[in-house]
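Structure first, then comments.
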């Protein structure tokens with residue numbers, strides 16, 4: 009049974025993507041190859057650039073009492 013051309017192309021593209029990811033994990037593209045693409049919400053180096061760092065006070069996160077347990081989805085509620 010012949011393999012369709014589209015399936016063969018998709019398989020080759022997936023193999024190429026796998027090879028690139030393995031090369032990235034092996035460190036062939038540097039220590040942090042995707043460093044500039046995906047920003048992080050936490051930027052600890054910004055603390056050193058703070059203008060009045062002595063007035064800044066870092067507090068630990070407060071655990072929320074109304075948080076849903078892990079693995080549950082939020083439920084949309086109608087108002088009115």
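Residue numbers (my numbering): 9 to 88. Ideal Cβ placement from N, Cα and C applies to all residues, glycine included.
Where does residue i sit, in a helix, a strand or coil, going by DSSP?
| i | result |
| --- | --- |
| residue 30 | helix |
| residue 64 | coil |
| residue 36 | coil |
Take residue i and list the residues in its own chain whose beta-carbon comes closer than 8 Å to its own, dropping the five residues that flank it on each side.
| i | result |
| --- | --- |
| residue 37 | 31 |
Tell me, to the nearest whole angstrom, how far the beta carbon of residue i is from that of residue j; I am working on the premise that it is less than 8 Å.
| i | j | result |
| --- | --- | --- |
| residue 64 | residue 57 | Not really, about 11 Å apart at Cβ, beyond 8 Å. |
For the ligand MN, is there any heavy atom lying closer than 8 Å to the beta carbon of residue i?
| i | result |
| --- | --- |
| residue 35 | This structure does not include the ligand MN; it has no bound ligands of any sort. |
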